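I have placed the structure first, in the form of structure tokens, so that the comments after it can refer back to it.
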Amino acid sequence: MLLFADEPQAAIPKRCGLKIYRYKTKDDEGSRETLDFDPISIEGCAYDQIKSAVQKSTEIIESVRINTPSGLATVAYPSTALHEVITNAVLHRDYSIADDIHIRIFDNRVEVLSPGTLPAHITPENILNERFARNGAIVRLINKFPNPPNKDVGEGLNTAFNAMREMKLKPPVVSQDGGYVKVILKHEALATPDELILDFLKTHDQIRNKEARDICFIGSENKMKRIIQTMIANGLLELVPGKTRYTAAYRLSRRRGK
């Protein structure tokens, strides 16, 4: 029904579409006063829902303007991330709950709320590494459509995370909130390698090149070595005494703040 009916909402006695909201604010919550227009309802079969919701959300996002030091600028999110998050919501929501998926577009973020909690052993912490399909039949069958919205390999959110990183934006935030799985795409620049390393050292005594590469998503050992050397020259880091070139580790410089 959800896959093949033109209007499954007419036959299923519960809400199973999407609603899109545009709030002209950066506040934590939207309000009637900040709602730009009446919520847009997206219905139809699951395949059409995904296509229409991505298209309409993209159109609305492209109309958002924010103030920057250089003047008004257009907000942009990676299209792949938006597509994957919406696809994930439609395919993995809890259809036993009479509610729509809610897409809320703010000045500084996009929130996608999918009815239900995460299934089985899946948590916000392990969601990128574990697989479990609540609606396995829907996931498999929609993958057989021409130009399917999913690849059926459990990589949807991983793709979204990678796309945000490639655009130098902070990673999506996944949480369970009031009976929904919420995914937030923030329009916030990813921290610099220096900032990520210093943040790591707030809770760790030292850091090695490999650990620094992991948290900064930098593949080259030599590139990370140059970053660390610059931080040492700037008085931010120092070599941990007693280490060899093969076990080298770095800590916050004792000269910082002097």
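Reading the sequence shown from the start, the letters are residues 87 to 344 in this note's numbering. In this text, a Cβ means the ideal position worked out from N, Cα and C, and glycines have one as well. From a predicted model like this one, the values you see are computed outputs, not experimental measurements.
**Prompt:** How is the alpha helix (DSSP H) around Gln141 delimited, first residue to last?
**Reply:** The residue labelled residue 141 in the question sits at position 55 within the sequence shown. In the DSSP assignment, Gln141 falls within the unbroken alpha helix (DSSP H) covering Ala132 to Ser149.
**Request:** Buried or exposed for Pro205, please, with buried defined as at least 16 other CB atoms from any protein chain shown within 10 angstroms of its CB.
**Result:** If you number the sequence shown from 1, residue 205 lands on position 119. By the neighbour-count rule (16 or more Cβ atoms within 10 Å), Pro205 is not buried but exposed.
**Item:** Three-state secondary structure assigned by DSSP to Ile313
**Value:** Here residue 313 refers to the residue found at position 227 of the sequence shown. Of the three classes helix, strand and coil, the one that applies to Ile313 here is helix, per DSSP.
**Request:** Pick out whichever of Phe192, Gly265, Asp280 and Ile128 has its Cα sitting closest to the Cα of Asn320.
**Result:** Locating residue 320 in the sequence shown gives position 234, where the first residue counts as 1. Comparing Cα-Cα distances from Asn320 to each of Phe192, Gly265, Asp280 and Ile128, the minimum goes to Asp280.
**Message:** Starting from Glu297, trace the alpha helix (DSSP H) in both directions and tell me its first and last residue.
**Reply:** Start at 1 with the first residue of the sequence shown, and residue 297 comes out as number 211. Asn295 to Cys302 is the span of the alpha helix (DSSP H), which, as asked, contains Glu297.
**Prompt:** When you compare only the Cα positions, how much space is there between Gln135 and Leu104?
**Reply:** As a position in the sequence shown, residue 135 is number 49, starting the count at 1. As a position in the sequence shown, residue 104 is number 18, starting the count at 1. About 7 angstroms.
**Request:** Pull up the distance between the alpha-carbon of Asn215 and that of Lys268, whole angstroms please.
**Result:** Residue numbering aside, residue 215 sits at position 129 when the sequence shown is read from its first letter. Residue numbering aside, residue 268 sits at position 182 when the sequence shown is read from its first letter. So the two alpha carbons sit approximately 18 angstroms from each other.
**Request:** Excluding the 5 residues preceding and the 5 following Arg341 in the sequence, name in chain order all residues of the same chain whose CB lies nearer than 7 angstroms to its CB.
**Result:** Residue mapping note: residue 341 aligns to position 255 of the sequence shown, counting from 1. Cβ within range, chain order: Gly321.
**Prompt:** Under the three-state reduction of DSSP, which class applies to Thr166: helix, strand or coil?
**Reply:** Within the sequence shown, the letter at position 80 stands for residue 166. Helix at Thr166.
**Item:** Reduced DSSP secondary structure (H/G/I, E/B, other) of Asp263
**Value:** Stepping through the sequence shown from its first residue, residue 263 is reached at position 177. DSSP places Asp263 in strand when its eight states are reduced to three.
**Short Cβ contact (8 angstroms threshold) for His207 with Phe218** = In the sequence shown, counting from the first residue as 1, residue 207 sits at position 121. In the sequence shown, counting from the first residue as 1, residue 218 sits at position 132. Cβ distance < 8 angstroms, so His207 and Phe218 count as in contact.
**Request:** Report the rounded CA-to-CA distance for Phe90 versus Arg195, giving the unit in angstroms.
**Result:** The residue you call residue 90 lines up with position 4 of the sequence shown. The residue you call residue 195 lines up with position 109 of the sequence shown. Caution applies to Phe90, whose pLDDT of 47 falls short of 50 and renders its modelled position unreliable; the value that the coordinates give is listed next. If I take the Cα positions, the gap works out to 33 angstroms.
**Asked** Beta carbon of Asn174, beta carbon of Gly265: below 8 angstroms?
**Response** Mapped onto the sequence shown, residue 174 falls at position 88. Mapped onto the sequence shown, residue 265 falls at position 179. Contact: no.
**Prompt:** Is the Cβ-Cβ distance between Asn236 and Leu177 less than 8 angstroms?
**Reply:** Along the sequence shown, read from residue 1 onward, the residue named residue 236 stands at position 150. Along the sequence shown, read from residue 1 onward, the residue named residue 177 stands at position 91. Yes, these two residues count as a Cβ contact at 8 angstroms.
**Prompt:** In this structure, does DSSP put Leu121 in helix, strand or coil?
**Reply:** Mapped onto the sequence shown, residue 121 falls at position 35. Here DSSP, grouped into helix, strand and coil, assigns Leu121 to strand.
**Message:** Quick check on the DSSP output: the beta strand (DSSP E) that includes Arg331 runs from which residue to which?
**Reply:** The residue you call residue 331 lines up with position 245 of the sequence shown. Counting along the chain, Arg331 falls outside any beta strand (DSSP E), and DSSP gives it neither H nor E.
**Message:** By the DSSP assignment, the alpha helix (DSSP H) with Val225 in it spans what residues?
**Reply:** Residue numbering aside, residue 225 sits at position 139 when the sequence shown is read from its first letter. Counting along the chain, the alpha helix (DSSP H) containing Val225 begins and ends at Gly222 to Ile228.
**Request:** Could you tell me if Pro232 is buried or exposed, where buried requires 16 or more neighbouring beta carbons within 10 angstroms of its beta carbon?
**Result:** In the sequence shown, the residue the question calls residue 232 occupies position 146. It counts as exposed.
**Asked** For the alpha helix (DSSP H) that Ala249 lies in, which residues bound it at each end?
**Response** For the purposes of this step, residue 249 is taken as residue 163 along the sequence shown, with counting starting at 1. Ala249 -> alpha helix (DSSP H) spans Gly242 to Glu252.
**Pro201: first and last residue of the uninterrupted alpha helix (DSSP H) it sits in** = Locating residue 201 in the sequence shown gives position 115, counting from the first residue. Segment Arg195 to Pro201 is the beta strand (DSSP E) holding Pro201; no alpha helix (DSSP H) there.
**Request:** Compare the Cα-Cα distances from Ser261 to each of Ile213, Arg312 and Ile304 and report the closest residue.
**Result:** Within the sequence shown, residue 261 is the residue found at index 175, counting from 1. The option with the nearest alpha carbon to Ser261 is Ile213.
**Item:** Own chain residues within Cβ distance below 8 angstroms of Pro327, not counting five before or after
**Value:** Here residue 327 corresponds to residue number 241 of the sequence shown, with the count starting at 1. Excluding sequence positions up to five before and after Pro327, its CB lies less than 8 angstroms from no other CB in the same chain.
**Message:** I need the DSSP call for Ala275, collapsed to helix, strand or coil.
**Reply:** Here residue 275 corresponds to residue number 189 of the sequence shown, with the count starting at 1. The answer is strand: DSSP assigns Ala275 an E or B state.
**Request:** Measure the CB-CB distance between Val140 and His169 and report whether it falls below 8 angstroms.
**Result:** As a first step, residue 140 must be located in the sequence shown, where it is residue number 54. As a first step, residue 169 must be located in the sequence shown, where it is residue number 83. In contact: Val140 and His169 (Cβ atoms closer than 8 angstroms).
**Message:** By the DSSP assignment, the beta strand (DSSP E) with Thr111 in it spans what residues?
**Reply:** Here residue 111 refers to the residue found at position 25 when the sequence shown is read from its first residue. That residue, Thr111, is in no beta strand (DSSP E); it is neither H nor E in DSSP.
**Asked** Grouping DSSP H, G and I as helix and E and B as strand, with all else coil, what is Ala206?
**Response** The sequence position of residue 206 within the sequence shown is 120, counting from 1. Coil.
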